[in-house]
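Our numbering applies: residue 87 is where the sequence shown begins, and numbers increase by one.
Notes follow once the structure below has been shown.
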Amino acid sequence: MRFITIAMMLIVVGVPLWAQAPDTVWTRTFGLADYDIAWGVEETADSGYLITGISNSMTYPGWEDILIIKLNRDGSTAWTKRYGTDTTSDWAQCGKKTSDGGYIVAGQLTGWYGDEANNYFLMKLDANGDSLWTRGYDYDTTNDWGQDVCQTLDGGYIMVGTSYYWSPAQGGYDWSANIVRADPNGNKTNHLLIDIKYSQDLHRVTATADGGAIAIGQAGAFYIVKINKYGDTTWVKGYGGVGDGWDILQLADGGYMAFGDRDFGGSDDEDFWLLRLDTLGDTLWSKRYQRPAPDYGYGLEQTADGGFVMAGTTYRNGGVDPTDFLIIRTDADGDTLWTKTIGGDYGEYATDIRQTSDGGYIVVGRTESFGAGYWDFYVVKLAPDNPSAADDIASPRPTAFSLGANYPNPFNPGTTIEYALDRRAVVRIDIVNLL
């Protein structure tokens, strides 16, 4: 009877061993005596960070200014810029990199057309944060709130948000999703109000490979709008029960990953919700990230290994205590690799997250526990993931295989076969032609 001895070298199941979240490298707070809120973050070309948000006015307390801070890689301040008028409230909820090395900022300015209404605006900045131009947009609506902008393939822009106006579909004044298409100089080329029977809001927009964009928000539930390159809608879809969509990405296959929070029913049942969609917006799968307290999701980023990292807010101790930053890292299938909370004695709210060029993460939001004021910008830099675990995810299959000659050869009744892999993997061995 023949038998074969197989020497298996470096054969283990290729499951990431990420039991622990990355450490915090540094934190920074920015603000005055009252309130300051960071809404968005971008890594810049020099591996620094652009933080965009609002700040209580230095001249007229109770009014808001736009505050944009450029940080160096180590968290030190490169420059700080305030924008806005002294006697009105001006908001910005995003600042994005543009193809010329500068930035585009979207939000709302009060009194742009001499009244007290809020109006959409776009502001183009150079790499040093100096304003090149500002464009306001008025649509005879009571208030317009610009929430996000993306640069499209032609160098122009698509901005999204919400407008309060008389809605025929709703039979009265209510909020409707608003889309503005502009050329590279900020001149409007198209404008669209989406009028349905539900109050709507679009929070985020991402450029797509077809020259258009994809936007996400809420209309009683998750609400996603595909926008073509002209600024018109291709399709509009809702998902799930009561929920709020806050971020969306286009993936390499042309599909999408959508993120936010959903109320799954019952007490404290708001949880992070991640949806994988195909190119037409149909759901391929969805994941709920259930925890014992309400959680609200705001920022989503695809990581270098094809996984995802989500940021938002969680209530401590079943909702009894204040809030913390909540960060959840997943693999490409949405399965959790690690979870991290960050907070102090009072409340912290995370609003955006990016993976950084060093493999770590940058998270922004606001803090009540730290800093000078009631609320302050809160910026947290996290270390990279466990290097060995990251390697497991990045290359899920071996790239090299070596098979040693069996010995003895020929053999009777037994032999030994040796092989080696260049990384961890699940291995199946088939041996044929034994006779």
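Cβ atoms here follow ideal geometry from the backbone N, Cα and C, with glycine treated the same way.
Cβ atoms of G385 and D333 come within 8 angstroms of each other, at about 6 angstroms. Distance from the CA of N276 to the CA of T294, rounded to the nearest whole angstrom, comes to 18 angstroms.
Cα atoms of G297 and K315: separation of roughly 5 angstroms, rounded to the nearest angstrom.
Remark: three or more beta-carbon pairs, one from each stretch, lie closer than 8 angstroms, so the region 123-134 and the region 152-166 are flagged as touching. The Cβ atoms of I302 and G367 lie no closer than 7 angstroms to each other. The beta-carbon separation of L278 and G215, rounded to 31 angstroms, does not stay under the 8 angstroms limit for a contact. Put simply, of L195, T248 and W165 the residue whose alpha carbon is nearest the alpha carbon of D212 is W165. Assignment of N142 by DSSP, reduced to helix, strand and coil, places it in the strand class. At least 7 angstroms separates the beta-carbon of Y375 from that of F350. Of the residues assessed, Q106 falls on the exposed side of the cut-off, its CB having fewer than 16 other CB atoms within 10 angstroms. Within 10 angstroms of the beta-carbon of N264 lie 16 or more other beta-carbons, which makes it buried. Cβ contact annotation for R452 (same chain, cutoff 6 angstroms, sequence separation greater than five): I123, Y435, W461 and Y464, in chain order.
If you look at N229, you'll find it in the beta strand (DSSP E) that goes N229 to Q237. N205 sits in a strand when the DSSP states are folded into three classes. Judged by their CB atoms, D410 and G398 are not nearer to each other than the 7 angstroms cut-off. When the Cα atoms are used, D421 and A344 turn out to be separated by approximately 15 angstroms.
By the neighbour-count definition (other C-beta atoms within 10 Å, threshold 16), T400 is a buried residue. Relative to I414, the option among F394, D407 and T292 whose CA is nearest is F394.
D471 sits buried, since 16 or more C-beta atoms from the chains shown fall within 10 Å of its C-beta. CA-to-CA, the gap between I140 and G188 works out to about 20 angstroms. Pairing G257 with W231 gives a Cβ-Cβ distance that is not under 7 angstroms.
Under the three-state reduction of DSSP output, N276 falls in the strand class. Your pair G346 and V328 does not check out as a contact, with CB atoms roughly 11 angstroms apart and the cut at 8 angstroms. Rounded to the nearest angstrom, the gap between the Cα atoms of L239 and P408 is 42 angstroms. Taking all protein chains in view, the Cβ of G181 is crowded by 16 or more other Cβ atoms within 10 Å, so the residue is classified as buried.
The beta carbon of T320 sits closer than 8 angstroms to those of G298, K312, I313 and N314, all from its chain and outside the five residues before and after it, given in chain order. Ranked by Cα distance from A192, the options L412, W177, K167 and R168 are led by W177.
Excluding five sequence positions before and after I280, the CB atoms of its chain that fall closer than 8 angstroms to its own CB belong to S262, A263, N264, I265, Q286, V311, T319 and V322, given in chain order. A390 and Q441 do touch by the CB rule: their CB atoms are close to 7 angstroms apart, below 8 angstroms.
Counting along the chain, G329 sits inside the beta strand (DSSP E) bounded by residues G329 to Q336.
In the displayed model, N158 falls within coil according to three-state DSSP, outside both helix and strand. Pairing G242 with D269 gives a Cβ-Cβ distance under 7 angstroms. Within the DSSP bridge table, the entry for R452 names Y435 and F463 as partners. Under the three-state reduction of DSSP output, N271 falls in the coil class, being neither helix nor strand. Only residues of its own chain outside the window of five on either side were considered, and among them R362 have a CB closer than 6 angstroms to the CB of W371, listed in chain order.
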